[in-house]
Amino acid sequence: MSRLSNMLAAWCVLLLASLVSAQSSSSSSSSLFSDSRCNSNLCLSVIYSPSQKVYNMTMSTDGGGAPNGWYAVGTGNKMKGSNMMIGWVDTTGNVVMSQRTASGHDDPVTTITAAAATMHTKQSFSNSSGTVWAWSFPLSSSDSTPGSSTSFIWAANKNNNPASSTSAHLKQHSDYGTFSLDLTKPYTPSTSSSSSSSSGSNTNGTPLTPSTGANNQATSTRVLNTSNRLIIAHMIMMILGWFILVPAGILVGRYGRTLFTWFPVHRGLQIAAFVVVLIAFILIIVEVGRGGDGHFESTHAKAGLAIFILMIVQIVLGAVGHKTKRFNPSRIVHVVLGLGVTGAAIWNSSEGLSLWDWGAPRWAKWILWIWAAVLAVAYLAGLALLPRDLRQWRQSQPGAEEKQTYTGLEPYHSAGAYDTPADSSQLHLSEQHALKQQQPYQANAHPGWGAQPLQTNNAQYGYEPYAQPQRF
Numbered sequence: 001m002s003r004l005s006n007m008l009a010a011w012c013v014l015l016l017a018s019l020v021s022a023q024s025s026s027s028s029s030s031s032l033f034s035d036s037r038c039n040s041n042l043c044l045s046v047i048y049s050p051s052q053k054v055y056n057m058t059m060s061t062d063g064g065g066a067p068n069g070w071y072a073v074g075t076g077n078k079m080k081g082s083n084m085m086i087g088w089v090d091t092t093g094n095v096v097m098s099q100r101t102a103s104g105h106d107d108p109v110t111t112i113t114a115a116a117a118t119m120h121t122k123q124s125f126s127n128s129s130g131t132v133w134a135w136s137f138p139l140s141s142s143d144s145t146p147g148s149s150t151s152f153i154w155a156a157n158k159n160n161n162p163a164s165s166t167s168a169h170l171k172q173h174s175d176y177g178t179f180s181l182d183l184t185k186p187y188t189p190s191t192s193s194s195s196s197s198s199s200g201s202n203t204n205g206t207p208l209t210p211s212t213g214a215n216n217q218a219t220s221t222r223v224l225n226t227s228n229r230l231i232i233a234h235m236i237m238m239i240l241g242w243f244i245l246v247p248a249g250i251l252v253g254r255y256g257r258t259l260f261t262w263f264p265v266h267r268g269l270q271i272a273a274f275v276v277v278l279i280a281f282i283l284i285i286v287e288v289g290r291g292g293d294g295h296f297e298s299t300h301a302k303a304g305l306a307i308f309i310l311m312i313v314q315i316v317l318g319a320v321g322h323k324t325k326r327f328n329p330s331r332i333v334h335v336v337l338g339l340g341v342t343g344a345a346i347w348n349s350s351e352g353l354s355l356w357d358w359g360a361p362r363w364a365k366w367i368l369w370i371w372a373a374v375l376a377v378a379y380l381a382g383l384a385l386l387p388r389d390l391r392q393w394r395q396s397q398p399g400a401e402e403k404q405t406y407t408g409l410e411p412y413h414s415a416g417a418y419d420t421p422a423d424s425s426q427l428h429l430s431e432q433h434a435l436k437q438q439q440p441y442q443a444n445a446h447p448g449w450g451a452q453p454l455q456t457n458n459a460q461y462g463y464e465p466y467a468q469p470q471r472f
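Each residue of the sequence shown is one higher than the last, beginning at 1 in UniProt numbering.
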């Protein structure tokens, strides 16, 4: 009887143990969280395990089997102190993974203080369907707990192929940005997103890459935090300045010369454009400073700084060139530089869209370029008014009326140059002027062009041709 009791007790313990084990397994699966994100360069998938305090990460990209540049992701929203993984394919077609960090916006180094990453070589591969790098990042006690807006940085240079060594030198990235992942979303093994997170592939067995992960990008979490608010405000104000106000000022200057007093309107529009661009410029400086990265590191940032400086030069040239109605070479420089700076700003705006981690749709660039083409056509059409502009400008010059008077002069009559005709209206304007003054005549000949002669007591009359002999 006692043996039967012992056997029943053993069976009960076994049953209880199996139930605990099953519950633990179920709990373990349900305590995992994951999210993924793609852009035009790469895809990132992350599974977060709170119990193990680890990120299981997968980075993938299009193409493979041969060197196709380097790609990187890292924790946090800035390079300084980020725990990075940089991957590339060597000349033999093998994937290479290098864990690095950086002290700022400079070359990442392999000397790290974070816990060493675990490379998942069996899940990492490169072939014609794509390239996948898989690894795990242990989290330390000082790392913040992942949440609904967990930041990761990314970078890429598709034209630089490092050597096989994990410490190989890298050229600076050509593209970079940040991802924001929601690591409070439960991990579901049956979804393609979670499958890609664990093995770098979707349910069909092909890698989740920028081309195959288009739908993933559309459903990724977009968090309207302070950083994105600043970026959105920067974009809106730059588009307002360079695509609306500046072109409006240019077109007023092109069409308004023959229609109305154009310069005050032109000046007002360009001053408004400068204020808007200045505010946008300050906003993005604040945003970059919040992230701790260096300023003016990317091509977009460097070009933006150069364009902003040239815009100030433009304002100075416009103010100096319109102080007088006389021809000033600075006006030509003002026009040419203004058109060039506007074109550069339009190009730089489209480049800036590719840096936004929300992943602006491709049609957004097309809208910008189509609008730029409409503005260009409108300006070129306005050049048809240029001959009329020049004609009106010449007529408005101080010596224009005098030149017209001199050109129409006729010789004095040979007899009685001082005789007053019966009908004084038949006299030339200059002769009438001479008779009114009742002063001796001095025949200073004038060719009908050039500056007005000095007005002396003897030089207030009309002019005779050079062939006319002087009278004494």
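For glycine and all other residues, C-beta sits at the position ideal for the given N, C-alpha and C.
Checklist entry - Rounded to a whole number of angstroms, what is the C-alpha to C-alpha distance between I244 and E287? => result 24 Å
Item to check | Backbone secondary structure at S34 - three-state DSSP | outcome: strand
Item to check | contact_flag[the region 356-370, the region 175-188] where n(CB pairs < 8 Å) is 3 or more | outcome: yes
Item to check | Cβ-based neighbour list, L170, same chain, cut-off 8 Å, excluding 5 preceding and 5 following | outcome: W70, I86, D107, P108, N157, N160, P162
Item to check | Where S151 falls: helix, strand or coil (DSSP) | outcome: strand
Checklist entry - W242 and I346 look like a contact to me (Cβ under 8 Å); what is the Cβ gap, rounded to whole Å? => result 6 Å
Checklist entry - Got a sec, what are the start and stop residues for the alpha helix (DSSP H) E99 sits in? => result Strictly speaking, residue 99 in this sequence is Gln, with Glu absent from that position. Unbroken run through Q99 is the beta strand (DSSP E), 95-100; no alpha helix (DSSP H).
Checklist entry - Are G130 and T61 close, meaning C-beta to C-beta below 9 Å? => result yes
Item to check | Backbone secondary structure at N228 - three-state DSSP | outcome: helix
Checklist entry - In whole angstroms, what is the alpha-carbon distance linking V341 and I282? => result 19 Å
Checklist entry - If we count the other Cβ atoms within 10 Å of its Cβ and call it buried at 16 or more, is S126 buried or exposed? => result buried
Next on the checklist: Comparing C-alpha positions only, which one of S330, A319, V277 sits nearest to A306?
Outcome noted: V277
Checklist entry - Based on the DSSP secondary-structure assignment, which residues constitute the bridge partners of P138? => result V54
Item to check | For A115 and L139, the rounded distance between their alpha carbons | outcome: 8 Å
Item to check | Span separating the alpha-carbon of K185 from that of Y55 | outcome: 14 Å
Item to check | Start-to-end residues for the alpha helix (DSSP H) that takes in N348 | outcome: 329-353
Next on the checklist: For a quick check, are the C-beta atoms of M237 and I285 less than 9 Å apart?
Outcome noted: no
Next on the checklist: Assuming contact is defined by CB atoms lying nearer than 9 Å, are P210 and S354 in contact in what I supplied?
Outcome noted: no
Next on the checklist: Between which two residues does the alpha helix (DSSP H) holding M311 run?
Outcome noted: 299-321
Checklist entry - Is DSSP giving A117 helix, strand or coil here? => result coil
Checklist entry - How far does the beta strand (DSSP E) with D182 in it reach, from first residue to last? => result Per DSSP, D182 belongs to no beta strand (DSSP E) and is neither H nor E.
Next on the checklist: Let's see if you can read the secondary structure: which residues bound the beta strand (DSSP E) around G87?
Outcome noted: 84-89
Next on the checklist: Less than 9 Å between the C-beta atoms of N83 and T101, yes or no?
Outcome noted: yes
Next on the checklist: Please report the distance separating the alpha-carbon of S298 from that of M311.
Outcome noted: 20 Å
Checklist entry - Apart from the five residues on each side of it in sequence, which residues of its chain come closer than 7 Å, Cβ to Cβ, to A372? => result I346
Next on the checklist: So, at 8 Å on beta carbons, what are the nonlocal neighbours of L337 in its own chain, with the 5 sequence-adjacent residues on each side left out?
Outcome noted: L310, V313, Q314, L317
Next on the checklist: Does the distance between the C-beta of I370 and the nearest non-hydrogen atom of the ligand FMN fall short of 8 Å?
Outcome noted: In terms of ligand content, the structure shown is empty, and the ligand FMN therefore cannot be addressed.
Next on the checklist: Considering only DSSP beta bridges, list what M59 is partnered with.
Outcome noted: L44, W133
Checklist entry - Going by C-alpha distance, which of R394, A273, Y255 is nearest A378? => result Y255
Checklist entry - Considering only residues of the same chain and omitting the five flanking positions on each side of H322, which have a CB-CB separation below 7 Å? => result F263
Checklist entry - If you draw a straight line from the C-alpha of Q172 to the C-alpha of V335, how long is it? => result 36 Å
Checklist entry - Which term fits V290, buried or exposed, when burial requires 16 or more other beta carbons within 10 angstroms of its beta carbon? => result It is Arg, not Val, that sits at residue 290 in the sequence shown. R290 should be labelled exposed.
Next on the checklist: Can you list, in chain order, the residues of its chain with a C-beta nearer than 8 Å to that of V320? Leave out the 5 residues immediately preceding and following it.
Outcome noted: N328, S330
Next on the checklist: Taking the straight line between their C-alpha atoms, what separation do you get for H266 and W154?
Outcome noted: 43 Å
Checklist entry - Which residues mark the beginning and the end of the beta strand (DSSP E) in which G74 is found? => result 70-75
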